[in-house]
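Here's the structure we're looking at; comments come further down.
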Amino acid sequence: MTPYPTHPPALVVVAHGSRDPRALSTVRQLLAGVRALRPGLPVHLGHIELNAPLLPDTLAELDARGTRAAVLVPLLLSRGYHVKRDIPRMAAGARLHTRVAAPLGPHPLLVDALHARLTEAGWRTPADAATRRESGVVLAAAGSRDPESRVDTARTARLLAQRLGVPVVPAYASATAPTVRDAIRALAARGRHRVAVASYFTAPGRFATECATAAPGTASTPLGPHPAIPRLLLHRYDQGHV
């Protein structure tokens, strides 16, 4: 593989894209957070679908400007078709040198953000054993047919369970089981009726809204521009061009 030039490669954050205008606004806030953490680093945005700029257009524009290399960091929380197929395919069509970094999850920084969002929504870790036995959390994710995506989400659930001291059950908005409602019922069957839903989405959108609606009580907001996410984007960027 051709080595990078002396100047650091551009960072291209690769978002999925959404018809919900709040998603694009959130992604732009994330990019602003990255720029604030590392002034001078060229930071750009490309979408897989639904929103402009699309990733191929971003890469073509960078090439036209004379940019020689870029690290593409998926704004995605697990492995799956987009990370394994779509983004590499789009990168392969670019003239400039590219590397595709790992998705954001799983990683302890995501657990920091999930915990913070749950706390903002009113979650309090049970102080006594009896309340702990009645408590649980559903980690609501988008879902994928890719088994590695489910492995990644399950690992995040385990990390969050260690942080919270209560069981955390992964659930999905599409493509695979269980649904959020099914996960809530499964926890209730184990005597855990104090259940919160942790939104494992980077930005607002249809899936995040549907999952929050299914919550019996506390439901956190998407991770959004939590300070941990720009830090994690830069961490994946640094890993991608070492």
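Going by my numbering, the first residue of the sequence shown is number 12, and it counts up by one from there.
The beta-carbon is built from N, C-alpha and C at its ideal position, and this holds for glycine as well.
Whole-number beta carbon distance between residue j and residue i, since they are thought to touch under 8 Å
i, j, result
"Val206", "Leu198", "5 Å"
"Gly91", "Leu70", "With a Cβ gap of about 21 Å, Gly91 and Leu70 do not count as contacting."
"Leu22", "Tyr248", "5 Å"
"His93", "Ile59", "6 Å"
"Pro241", "Ala219", "Not confirmed; about 19 Å, so no contact."
"His252", "Pro85", "That belief does not hold up - the Cβ atoms of His252 and Pro85 are roughly 15 Å apart, past 8 Å."
"Pro236", "Leu41", "5 Å"
"His254", "Arg174", "No answer is possible for residue 254: the residues shown for the chain start at 12 and end at 253."
For residue i, three-class secondary structure by DSSP
i, result
"Ser89", "coil"
"Met12", "For Met12, the pLDDT reaches just 35, beneath the cut-off of 50, and the residue's location in the model is therefore unreliable, although a value from the coordinates is still provided. Here Met12 sits in coil by DSSP."
"Gly228", "coil"
"Leu244", "helix"
"Ser29", "coil"
"Val180", "strand"
"His18", "coil"
"Ser36", "helix"
"Arg49", "coil"
"Gly216", "coil"
"Thr136", "coil"
"Thr142", "helix"
"Ala239", "helix"
"Asp249", "helix"
"Ala223", "helix"
"Ala43", "helix"
"Ser155", "coil"
Limits of the unbroken alpha helix (DSSP H) element including residue i
i, result
"Leu234", "No alpha helix (DSSP H) contains Leu234, which DSSP labels as neither H nor E."
"Val24", "First-last for Val24: 21 to 26, but that is the beta strand (DSSP E), not the alpha helix (DSSP H)."
"Gly147", "Segment 146 to 152 is the beta strand (DSSP E) holding Gly147; no alpha helix (DSSP H) there."
"Thr164", "158 to 175"
"Ala194", "191 to 200"
Check whether residue i and residue j have beta carbons under 8 Å apart
i, j, result
"Val149", "Val180", "yes"
"Leu120", "Leu243", "yes"
"Ala153", "Ser210", "no"
"Ile98", "Val45", "no"
"Asp163", "Ser231", "no"
"Ala214", "Ala103", "no"
"Ala182", "Pro189", "yes"
"Leu48", "Leu245", "yes"
"Pro117", "Gly147", "no"
"Gln250", "Ala113", "yes"
"Leu66", "Arg30", "no"
"Ala225", "Val191", "yes"
"Glu221", "Ala184", "yes"
"Thr187", "Arg161", "yes"
"Leu87", "Leu129", "no"
"Ala43", "Ala124", "no"
"Thr229", "Ala132", "yes"
"Pro136", "Gly176", "One point to set straight first is that residue 136 is Thr, not Pro, in the sequence displayed. Closer than 8 Å, so yes."
"Glu145", "Gly202", "yes"
First and last residue of the uninterrupted beta strand (DSSP E) at residue i
i, result
"Arg205", "205 to 210"
> In the region 53 to 131, which residue ranges form an unbroken beta strand (DSSP E) of at least 3 residues, counting only runs that do not cross its ends?
Replying inline: Counting whole runs of 3 or more residues, the region 53 to 131 contains the beta strand (DSSP E) stretches 54 to 58, 80 to 85, 108 to 111.
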